[in-house]
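Visitor: Let me give you the structure first, and then I'll get to my questions.
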Amino acid sequence: GGVSTTVLTFDMSNAGAATFNAGIITPSVSISSTSSSAIYLSGNGAGLYFAGANNTITGTGNLTLDVAGAIVLDADNTGLVDFKDGGTHFGRIENASSDFKLESRVQDKDIVLVGNDGGVGIEALRLDMSNAGRAFFNVGASFSGDVAMADNNKTKYGQGEDLILYSDGTNGEIEAPNGNLTLDVAGDIILDADGADFQFKDGGSEFLRVSRDGSGNAVFQSIGQDKSVYFSGDDAGVGVNALVLDMSAA
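Taking our numbering, the leading residue of the sequence shown gets -14, the next gets one more, and so forth.
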């Protein structure tokens, strides 16, 4: 344009370091430095710009990003950042409708959170992708708020799932499918049924009901036809029936 411009300066006081006035355009040329040298980008907004559709930075060793400020990854394609190992795609993070999405990309491979506990490496949390993302905490979990479960989803305890809690959307249930269920409290055990009935069952068959009638009376009812009610005790180590109410004899 008729104006004299210095496009390239070699600094002989700095071993011939080259300074370009307006950047470097290299359609098919590689730029390299020796093991003891570096490529410097200076000025406000200085950076590497890639005009092609697919661009790669390749190295034969490690790559370190060491900056005085923040490291910012800004991917306009939904913020998508992929992680690979030897070409195998194993992880991804992305912006999913403004949700932060962390994804394990290999089939049935877990997401694992690990840390250091007193100098010992520990696995704090594992999300099991072969089991619909079931979470395994190393030594339990503490929650400051409610733990919400969807209908018909069960909370299971023990290696053999010996205690199960769940709701079907209307009714709640506590199961101990492999053994006994013990309620051990420091105070009282209070049973409060707004339906006024307490049902006792064995294998799903009801045999006793304790109710409150319309007058506020407590009613003990043997459910099976002609089945009696026994009041039993121990007399000097011998079991005795102190009172039998024979329902077959009115």
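Each residue gets a CB set at the ideal place from its N, CA and C atoms; glycine is no exception.
1) According to DSSP, N226 sits in a beta bridge with which residue or residues?
2) Does the stretch 93 to 103 come close enough to the stretch 113 to 120 to have 3 or more Cβ pairs within less than 8 Å?
3) With DSSP as the reference, label S(-11) as helix, strand or coil.
4) Would you call the stretch 169 to 187 and the stretch 149 to 158 in contact, with 3 or more CB pairs under 8 Å?
5) When the distance is taken between beta carbons, is S217 closer than 8 Å to L230?
6) What's the gap between the Cα of N6 and the Cα of F75?
7) Quick check: the Cα distance between N47 and V99, rounded to an integer number of angstroms?
8) Suppose you measure from the CA of D102 to the CA of F85; what does that come to, to the nearest Å?
9) Flag N47 as yes when its Cβ comes closer than 7 Å to any non-hydrogen atom of the ligand ZN, and as no otherwise.
10) Bridge partners of G100, per DSSP?
11) D211 and M232: beta carbons closer than 8 Å?
12) Could you work out which residue in D70, G64, K69 and V97 is closest to S82 when comparing CA atoms only?
13) Nearest to Q144 by CA position, among D136, G157, A161 and Q184, is which residue?
14) What are the boundary residues of the beta strand (DSSP E) that includes Y151?
15) Do I78 and V66 have their C-beta atoms within less than 8 Å of each other?
16) To the nearest angstrom, how far is it from the Cα of A181 to the Cα of S190?
17) Express the C-alpha separation of E88 and G118 in angstroms, rounding to a whole number.
18) What separation, rounded to the nearest whole angstrom, lies between the Cα atoms of G201 and F185?
19) So the beta strand (DSSP E) G157 belongs to, where does it begin and stop?
20) Which residue marks the beginning of the beta strand (DSSP E) containing S190, and which one marks its end?
21) Quick check on this structure: which residue in A38, D70, A2 and T45 has the alpha carbon closest to the alpha carbon of N62?
22) Span of the beta strand (DSSP E) holding I175?
23) Per DSSP, which one or two residues make a beta bridge with S207?
24) For T45, which of G71, D51 and L33 has the nearest alpha-carbon?
25) Tell me the rounded alpha-carbon separation between F128 and D136.
26) According to DSSP, is S127 part of a helix, a strand, or is it coil?
Guide: Result, derived from the coordinates:
1) According to DSSP, which records beta bridges pairwise, N226 is partnered with S217.
2) Touching, yes, given that three or more Cβ pairs across the two stretches are closer than 8 Å.
3) Residue state, collapsed to three classes: coil.
4) The stretch 169 to 187 vs the stretch 149 to 158: no contact.
5) No, they are not a contact pair.
6) N6 and F75 have their alpha carbons spaced roughly 42 Å apart.
7) Here the alpha carbon of N47 sits roughly 23 Å from the alpha carbon of V99.
8) Taking the straight line from one Cα to the other gives about 27 Å.
9) Of the ligands one can find in the structure shown there are none, so the ligand ZN has no counterpart to examine.
10) According to DSSP, G100 bridges with I107.
11) Yes, the Cβ-Cβ distance between D211 and M232 is below 8 Å.
12) Minimum Cα distance to S82 is reached at G64.
13) Ranking D136, G157, A161 and Q184 by CA distance to the CA of Q144 puts A161 first.
14) Element bounds for Y151: L148 to S152.
15) Yes, Cβ-Cβ distance for I78 and V66 is below 8 Å.
16) Distance between A181 and S190, taken at the CA atoms: about 19 Å.
17) Rounded to whole angstroms, the separation of the alpha carbons of E88 and G118 is 11 Å.
18) Distance between the alpha carbons of G201 and F185 is about 20 Å.
19) G157 to E160 is the extent of the beta strand (DSSP E) around G157.
20) S190: member of the beta strand (DSSP E) spanning S190 to R197, first to last residue.
21) For N62, the nearest C-alpha among the options comes from A38.
22) Counted as a single uninterrupted DSSP element, the stretch harbouring I175 is not any beta strand (DSSP E), since DSSP gives it neither H nor E.
23) The partner list for S207 (beta bridge, DSSP) reads L193.
24) In terms of CA proximity to T45, G71 leads the group G71, D51 and L33.
25) Whole-angstrom Cα-Cα distance: 20 Å.
26) S127: coil per DSSP, three-state reduction.
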